[in-house]
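For reference, the structure discussed in these notes is given below.
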Amino acid sequence: MVCQSTDGSQVIHKQVMFKEPSAATQGTAMIMQTKWVTLRNGRSLLVLTSLKGIQIFEYDGSAMVYWHALGDSSSEAAGESTNFGRGIATVGDNLLCVGTQQGHILVFDIPVKGNSVSLANTVGGHSVAVCDLAGQDDTLVSGDENGTILLWRVQGTSLSNTSKISMNGESCCSLSIWKGILVAAFSNGQIGVYNLSTGKIGALVNAHARWINAIDVAKETGLMVSASEDSFVRVWQLIPGNQPSIEFKFGDTVTDQQLVGAQFIHDGGRGFCVTGYDSSDISFFLQN
């Protein structure tokens, strides 16, 4: 966990260890994804997914709130039993959703406080692994390794599929929602911009030369950052409307880095950071 001032002059960091509470011998597991989430009931949490399970912490990582075990990645029958979590989003007032390798979406009921978290529902819909989730109000979007994007409507603790978008077998790597716009990044380096209400595409751009691993949107301005294995990070402007569109604003490269993460550090988009595969460095970009 890293906290820094917007100008980058002050940086504070701490570590949160992913440990399986019930394990006889404590060991580390490969972390697939981490995300801070804030529910409409006002609670903020830190969610981690790994090859062993899903772990939910208080926002500052000070205490574990909930542990949900998934498949055993060390099992000899790995093809039958492995199952990791990937894709984290909140919907409704108190629901946390996490996608899995088996194509399911786990729906957790999160209380306003305390650790009485419960698995409220397990929803099927994808035939292959879920890559990412995005949520807004009562709408959830899920994307999988075949490029299939499903739009869901929340009803209580149930999810009802409302529409489907297909992308010709290209994995849907990352999803984001902003002001009625659905943004989807794919393994062929393309970014699709869709009308969230109808599922119709507004624009499709060849954003990168290789797999896009992360996108993020600045809530106040609609600036979007994308990071790819081609070592480039690019900033775009989302333009709302019945047929949403996208404009290129900025691009740079992090030398000799396959970029795997990108995140704005300011709601207005004044700065963002990126991370690379097999590197402990975090690169910060700030607007002059």
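Position 213 (the sequence shown) corresponds to 213 in the UniProt record's numbering; numbering is contiguous.
Ideal placement from N, C-alpha and C gives every residue a C-beta, glycine not left out.
In the same chain as Gly268, and ignoring 5 residues on each side of it, the C-beta atoms closer than 7 Å to its own belong to Ala218, Glu220, Thr221, in chain order. Excluding five sequence positions before and after Arg210, the CB atoms of its chain that fall closer than 7 Å to its own CB belong to Gly189, Ser228, Glu229, Asp230, given in chain order. Distance between Ser116 and Asp256, taken at the CA atoms: about 45 Å.
In this structure Ser50 is not in contact with Met64, their Cβ atoms being roughly 13 Å apart against a cut-off of 8 Å. Going by C-alpha positions, Phe284 is about 15 Å away from Ile215. In this chain, Gln287 is not harboured by any beta strand (DSSP E), its DSSP state being neither H nor E. The beta carbons of Gly156 and Val112 sit about 18 Å from each other, so the pair does not count as a contact at 8 Å. Taking a 10 Å sphere around the C-beta of Asp132, we find 16 or more other C-beta atoms and assign the residue as buried. Counting only residues of its own chain and dropping the five nearest sequence neighbours on each side, Gln258 has a CB closer than 7 Å to the CB of Glu229, Ser231, Gly276, Tyr277.
Taking every protein chain shown into account, the CB of Thr253 has fewer than 16 other CB atoms within 10 angstroms, so this residue is exposed. Taking a contact as a CB-CB distance under 8 Å, the pair Thr90 and Leu48 does not count as one, their CB atoms being some 15 Å apart. Nearest Cα to Cys97 within the set Asn242, Val37, Lys164: Val37. Distance from the CA of Gln15 to the CA of Val128, rounded to the nearest whole angstrom, comes to 33 Å. If only uninterrupted beta strand (DSSP E) runs of at least 3 residues are considered, those enclosed by the segment 171 to 227 are 172 to 178, 181 to 186, 190 to 195, 201 to 206, 212 to 217. Collapsing the DSSP output to three states places Lys249 in a strand. Counting of Cβ neighbours within 10 angstroms places Asn94 among the buried residues, the total reaching 16 or more.
Taking C-beta atoms as the reference points, Ala207 and Ile181 fail to come closer than 8 Å. In the DSSP assignment, Arg234 forms a beta bridge with Ser226, Gly251. The Cβ-Cβ distance between Asp109 and Ala120 falls below 8 Å. Between Ser163 and Leu151, the C-beta spacing is below 8 Å. Nearest neighbour of Cys172 by Cα position, chosen from Thr122, Trp178, Ala134, turns out to be Ala134.
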